[in-house]
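S.K.: For reference, the structure I am asking about is given below.
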Amino acid sequence: MKYSQLIGFIAALAVIGTCFMPWAYIASLQTEITGFKTMGTNFGRPGLLNTVFAGIAAILFLIPRIWSKRVNVIIGAIGLAWSIRNYLLVGTCAMGECPEKRPGLHLLLFLSIGVLLMTFLPRIPVKNDNKPS
Numbered sequence: 000m001k002y003s004q005l006i007g008f009i010a011a012l013a014v015i016g017t018c019f020m021p022w023a024y025i026a027s028l029q030t031e032i033t034g035f036k037t038m039g040t041n042f043g044r045p046g047l048l049n050t051v052f053a054g055i056a057a058i059l060f061l062i063p064r065i066w067s068k069r070v071n072v073i074i075g076a077i078g079l080a081w082s083i084r085n086y087l088l089v090g091t092c093a094m095g096e097c098p099e100k101r102p103g104l105h106l107l108l109f110l111s112i113g114v115l116l117m118t119f120l121p122r123i124p125v126k127n128d129n130k131p132s
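For the sequence shown, numbering that gives the first Met the number 0 gives the first residue as 0, with consecutive numbering after it.
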């Protein structure tokens, strides 16, 4: 795909942006959960690793070397796994309290899938060794 690296780069930056969006709202605590602000819960900062992996993936999308494309597949897979973990952790009911999922949580998952898909489609120049004489 011709624009897979650009799309992957933009998706990785969008993953970083969704970590600052609201992910869920817990009515009993009257708290809105984002990737970095989880006051009143024991979630920690679930968006931190998403930001790190998306930043590394964005840099690797820009490097035109075969090793960077191979490493990017691994980074994208780990980033998707962490996004699934966050989706399950933040969106799951606990002790009878079900949080209201916000669009940021869904966007995080879909954009992480997009980053991983774009890592499978690297643009690598192929040299033609069979030159007609």
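All C-beta atoms in this analysis are idealised placements derived from N, C-alpha and C, irrespective of residue type, glycine included.
1) Is it the case that the Cβ atoms of residue 8 and residue 57 are separated by a distance below 9 Å?
2) Alpha carbon to alpha carbon, how far is residue 126 from residue 83? Give it in angstroms, no decimals.
3) So, is residue 18 buried or exposed, given that buried needs 16 or more other C-beta atoms within 10 angstroms?
4) Around the C-beta of residue 68, are 16 or more other C-beta atoms found within 10 angstroms, so that it is buried, or is it exposed?
5) Leaving out the 5 sequence neighbours to the left and right, which residues in its chain are closer than 7 Å to residue 112 when beta-carbon positions are compared?
6) Please state if the CB of residue 122 and the CB of residue 36 are separated by a distance shorter than 9 Å.
7) Here's a check: name, in chain order, each residue in its chain whose Cβ is nearer than 8 Å to the Cβ of residue 114, leaving out the five neighbours to either side.
8) Does the Cβ-Cβ distance between residue 40 and residue 22 come in under 9 Å?
9) Within this structure, are the beta carbons of residue 107 and residue 46 separated by less than 9 Å?
10) Pick helix, strand or coil for residue 25, following the three-state DSSP scheme.
M.R.: The relevant details are as follows:
1) yes
2) 39 Å
3) Result: buried.
4) Classification of residue 68: buried, given that the 10 Å Cβ count is 16 or more.
5) Excluding positions up to five away in sequence, the list reads 79.
6) no
7) 7, 10, 11, 14, 53, 56, 75, 78 and 79
8) no
9) yes
10) Residue state, collapsed to three classes: strand.
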